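Colleague:
Protein chains: 2
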Amino acid sequence: MESVFSPDALTGSGPLYLQLQRRIVEAMQDGRLAPGNSLPAERDIAAMTGLSRVTVRKAVEGLVASGQLVQKRGSGTFVAARVERLEQALSLLTSFTEDMARRGKSVESVWLSRAVHSPSPEEVMALGLGAGDRVARLERVRRSDGVPLAIERASLSTRVLPHPELVDTSLYALLETMGNRPVRAVQRISAANLGARDADLLGVVPGAAGLKIERIGYLPSGRVVEFTRSLYRGDAYDFAVELKLAADSERTTG
Amino acid sequence: MESVFSPDALTGSGPLYLQLQRRIVEAMQDGRLAPGNSLPAERDIAAMTGLSRVTVRKAVEGLVASGQLVQKRGSGTFVAARVERLEQALSLLTSFTEDMARRGKSVESVWLSRAVHSPSPEEVMALGLGAGDRVARLERVRRSDGVPLAIERASLSTRVLPHPELVDTSLYALLETMGNRPVRAVQRISAANLGARDADLLGVVPGAAGLKIERIGYLPSGRVVEFTRSLYRGDAYDFAVELKLAADSERTTG
DNA sequence: TAGTGGTCTAGACCACCAA
DNA sequence: TGGTGGTCTAGACCACTAC
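Laid out in structure tokens, this is it:
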């Protein structure tokens, strides 16, 4: 433990903050710093290493940004707990609730908003709204076993969901009872660094990588039902897809 | 322009570096700072705003991390160029080369490595190798129209690819000539912050969000052909998927 | 209340780039 | 060579947490 923050061994090449960072990472890898362990206070590390506190902070900063350390103001700096990685099959149209239930995980939703609004231009486009149409917006943080996994922002025409406040756990379950459950959807997946607000909601550091998914769900008739933008924690989620050879795939759309 | 860095208007609430950051973002959004424009030198911004250089750097740091600004040592700080976002259909098994050709983009590969190695434990698992088997490793940076888009690290048994140095542009094209082109693949998609080396290869800042894709490709016989780990630039790539209702999908595996 | 991280300053030297 | 970003220091005050 002392060896991690000893003043010697800071004799390597490169910036001092990177050398210190490297030593902390090594200590975490070989178990000298285990998940949950706290690091000495920044001022103490500075005194032990002979560096300034600013330099120590810069070393720690990078590890906090990559999720390996967690800082709590007034409390201390801790080695982050490992997050179990969940995997979701991407080829099936399932809801988050159903998906988690299937693998025996609890699901909690923290509602941020459930109300009717005037549509944004983006929503008008995606949902194919007419003049005067209004949208139901559902915004929530999805948790499983207490760990926040995703932020979900769904928009639906009030014609399919006039009373968004009735949605409890599963949006798809409610849509099903009204005969409006989508049977087909198109998703776009990309990655983005999370902003301050979203990172906060997901319990990660601003700038952490998130999986951004935009989904448009269709009824059998081809009408659009839902337009959902989700942000998944990059460190906690995997999507699995099965692909087939191009020439091999049947054309179901022709 | 001066208004962005004027000493007044730093009267809002919250940390000074966030207030300055917000003003820079606003200037980029309304075009007062256009892509390619340079910002004043850090020391000048400090003088103009009445802040210390350290505080100015902290404001800029966040925007560099999220890819909105680019810093060049000895040269200056610049508003980042916007990167056109490409979209790839995820339901078809195509190669990068074919994919880009289809949309009229040029493709360049920068080879980092093309050689035969002893397999790592991970490769033994994924490829189902036996004792004594060796692997061909292909590592390259994929560029389109000069912009680096992805890092691709492919591993194949030397039984299907004895001479990796023969791979020129398209791995799949070569495999096809040998009757070893995969017809099916399973992918896992997640997001991760890019490390220093990978970020450098992709021309983005360390910590930027990347789309991580692991793919295992199969022959018609069910044998594994390739194990590929790719990292796509999160700001330049979109994957599109079409989903179908669970109960609706035919079971082809039963 | 004592200790922690969060912010901020003024000033310094170095490495790199362009003219 | 002069200007730029990159690193580093010593010291200060604030906000929050735990006791």
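Line order of the protein sequences matches chains R and B. Numbered by this note's numbering, the letters in the first sequence go through residues -18 to 235 in order. Numbered by this note's numbering, the letters in the second sequence go through residues -18 to 235 in order. Glycine included, each C-beta is placed from N, C-alpha and C at the ideal position. Source: prediction; values computed, not measured.
Could you check if P163/R is buried or exposed, using at least 16 other CB atoms within 10 Å of its CB as the buried criterion?
Modeller: Counting from one through the first sequence, the residue named residue 163/R turns up at place 182. That one is buried.
Colleague: Report the residues of the stretch 163 to 192 of chain B with a CB closer than 7 Å to any CB of chain R, ordered along the chain.
Modeller: If the cut-off is 7 Å between Cβ atoms, the stretch 163 to 192 of chain B has V164, R165, A166, V167, Q168, R169, I170, S171, A172, A173, N174, G188, A189, A190, G191, L192 near chain R.
Colleague: Tell me which residues of the stretch 45 to 66 of chain B have at least one Cβ-Cβ distance to chain R shorter than 9 Å, keeping chain order.
Modeller: A46, S47, G48, R66: these are the residues of the stretch 45 to 66 of chain B whose beta carbon lies less than 9 Å from some beta carbon of chain R, given in chain order.
Colleague: Within 10 angstroms of the Cβ of P(-4)/R, are there 16 or more other Cβ atoms? Answer buried if so, exposed if not.
Modeller: The residue labelled residue -4/R in the question sits at position 15 within the first sequence. Flag for P(-4)/R reads exposed.
Colleague: Indicate whether at least one CB of chain B lies closer than 8 Å to the CB of V236/R.
Modeller: Nothing can be reported for residue 236/R, as the shown portion of chain R is limited to -18 through 235.
Colleague: Return the Cβ separation of Y199/B and A166/B in integer angstroms, given the expectation that the two are a contact with Cβ distance under 8 Å.
Modeller: Numbered from 1 along the second sequence, position 218 holds the residue referred to as residue 199/B. Numbered from 1 along the second sequence, position 185 holds the residue referred to as residue 166/B. The pair is a contact, with the Cβ atoms about 7 Å apart (cut-off 8 Å).
Colleague: Distance, Cα to Cα, S99/B vs G43/R?
Modeller: Within the second sequence, residue 99/B is the residue found at index 118, counting from 1. Within the first sequence, residue 43/R is the residue found at index 62, counting from 1. So the two alpha carbons sit approximately 34 Å from each other.
Colleague: Beta-carbon within less than 6 Å of A117/B's beta-carbon, same chain only, minus the 5 sequence neighbours each way: which residues are those?
Modeller: The residue you call residue 117/B lines up with position 136 of the second sequence. Result list for A117/B: V97, L137, T139, L142, P145, in chain order.
Colleague: Using a Cβ cut-off of 8 Å, pull out every chain B residue sitting near E68/R, in sequence order please.
Modeller: Taking the first sequence and counting its residues from 1, one reaches residue 68/R at position 87. Here the neighbours are R169.
Colleague: Buried or exposed: where does G215/B fall if 16 or more other Cβ atoms within 10 Å of its Cβ makes it buried?
Modeller: Mapped onto the second sequence, residue 215/B falls at position 234. Result: buried.
Colleague: Need the endpoints of the alpha helix (DSSP H) that R10/B sits in, please.
Modeller: Counting from one through the second sequence, the residue named residue 10/B turns up at place 29. The question names Arg, but residue 10/B is Gln in the sequence shown. Q10/B -> alpha helix (DSSP H) spans -3 to 10.
Colleague: Quick check: is the beta carbon of Y218/R nearer than 8 Å to any beta carbon in chain B?
Modeller: Within the first sequence, the letter at position 237 stands for residue 218/R. With 8 Å as the cut-off, Y218/R counts as an interface residue toward chain B.
Colleague: Classify E207/R as helix, strand or coil using the three-state DSSP reduction.
Modeller: Reading the first sequence from its first residue, position 226 is the one you call residue 207/R. Assigned with DSSP and collapsed to three states, E207/R falls in strand.
Colleague: If I measure Cβ to Cβ from D80/B and keep anything under 7 Å in the same chain, skipping five residues before and after, which residues do I get?
Modeller: Residue mapping note: residue 80/B aligns to position 99 of the second sequence, counting from 1. Listed in chain order, the non-local C-beta contacts of D80/B below 7 Å within the same chain comprise Q69, local neighbours out to five positions each way being set aside.
Colleague: For W92/B, I'd like the list of residues in its chain whose CB is within less than 6 Å of its CB, leaving aside the five on either flank, ordered along the chain.
Modeller: Translated into the one-based positions of the second sequence, residue 92/B becomes position 111. Result list for W92/B: R121, in chain order.
Colleague: Would a C-beta distance cut-off of 8 Å place R169/R and E195/R closer than the cut-off?
Modeller: For the purposes of this step, residue 169/R is taken as the residue at position 188 of the first sequence. For the purposes of this step, residue 195/R is taken as the residue at position 214 of the first sequence. Taking 8 Å as the Cβ cut-off, R169/R and E195/R qualify as a contacting pair.
Colleague: Kindly list the residues whose CB is nearer than 8 Å to the CB of A217/R, restricted to its own chain and excluding five residues on each side of it in sequence; keep chain order.
Modeller: As a working note, residue 217/R is residue 236 in the first sequence. Cβ neighbours of A217/R beyond the five flanking positions: V64, E65, R66, L67, V128, L130.
Colleague: Rounded to whole angstroms, what's the CA-CA distance from D11/B to L175/R? Just pull it up for me.
Modeller: Residue mapping note: residue 11/B aligns to position 30 of the second sequence, counting from 1. Residue mapping note: residue 175/R aligns to position 194 of the first sequence, counting from 1. If you take the alpha carbons of D11/B and L175/R, they lie about 22 Å apart.
Colleague: Applying the 10 Å Cβ sphere with the 16-neighbour rule, what's the burial state of K193/B?
Modeller: Residue 193/B sits at position 212 when you count from the first residue of the second sequence. Under the 10 Å beta carbon count, K193/B is surrounded by 16 or more other beta carbons and is classified as buried.
Colleague: Can you name the residues that DSSP bridges to R123/B?
Modeller: For this step, residue 123/B is matched to residue 142 along the second sequence. S90/B, A131/B, per the DSSP bridge assignment.
Colleague: Which residues in chain B have a C-beta closer than 9 Å to the C-beta of S31/R? List them in chain order.
Modeller: Looking up residue 31/R in the first sequence gives position 50. For the sequence presented, residue 31/R should be read as Gly rather than Ser. From the beta-carbon of G31/R, no residue of chain B is found nearer than 9 Å; the closest lies around 21 Å away.
Colleague: May I have a chain-ordered list of the beta strand (DSSP E) segments no shorter than 3 residues that lie completely inside the stretch 36 to 64 of chain R?
Modeller: 50 to 53, 57 to 60
Colleague: Counting only Cβ pairs nearer than 9 Å, list the residues of chain B close to G160/R.
Modeller: Walking along the first sequence from the start, residue 160/R turns up at place 179. By Cβ distance, chain B contributes nothing, its closest Cβ being about 13 Å from G160/R, past 9 Å.
Colleague: Report all residues from its chain with a CB closer than 6 Å to the CB of S151/B; omit the five preceding and five following residues, and keep chain order.
Modeller: For the purposes of this step, residue 151/B is taken as residue 170 along the second sequence, with counting starting at 1. These residues qualify, in order along the chain: S76, T78.
Colleague: Can you find the residues in the same chain that come closer than 8 Å, C-beta to C-beta, to S125/R, ignoring five residues on each side of it along the sequence?
Modeller: The residue you call residue 125/R lines up with position 144 of the first sequence. The answer, listed in chain order, is L67, M81, K86, S87, V88, E89.
Colleague: Run through chain B and tell me which residues come within less than 8 Å of G215/R, C-beta to C-beta.
Modeller: To locate residue 215/R, count along the first sequence from 1; it is residue 234. The answer, in chain order, is S171, A172, A173, N174, A190.
Colleague: With DSSP collapsed to three states, give me the class of L108/B.
Modeller: By one-based count along the second sequence, residue 108/B stands at place 127. In the structure shown, L108/B sits in a helix (DSSP, three-state: H, G or I).
Colleague: Can you tell me where the beta strand (DSSP E) with A172/B in it begins and where it stops?
Modeller: The sequence position of residue 172/B within the second sequence is 191, counting from 1. Residues 165 to 174.
Colleague: Name the one or two DSSP bridge partners that S19/B has.
Modeller: Numbered from its first residue, the second sequence carries residue 19/B at position 38. In the DSSP output, where bridge partners are listed per residue, S19/B has F59/B.
Colleague: Could you check whether E133/R and S211/R sit closer than 8 Å to each other, using their CB atoms as the reference points?
Modeller: Residue 211/R sits at position 230 when you count from the first residue of the first sequence. Residue 133/R sits at position 152 when you count from the first residue of the first sequence. Closer than 8 Å, so yes.
Colleague: Rounding to the nearest angstrom, what Cα-Cα distance links T30/R and Q52/B in this structure?
Modeller: Working through the first sequence from its first residue, we reach residue 30/R at position 49. Working through the second sequence from its first residue, we reach residue 52/B at position 71. Approximately 30 Å, taken between the alpha carbons.
Colleague: Does V35/R pass the burial test, meaning 16 or more other C-beta atoms within 10 Å, or should it be called exposed?
Modeller: By 1-based counting over the first sequence, the position of residue 35/R is 54. Exposed: under 16 other Cβ atoms inside 10 Å.
Colleague: Determine the contact status of L108/B and F208/B, defining contact as a CB-CB distance below 8 Å.
Modeller: As a working note, residue 108/B is residue 127 in the second sequence. As a working note, residue 208/B is residue 227 in the second sequence. Cβ atoms of L108/B and F208/B: closer than 8 Å.
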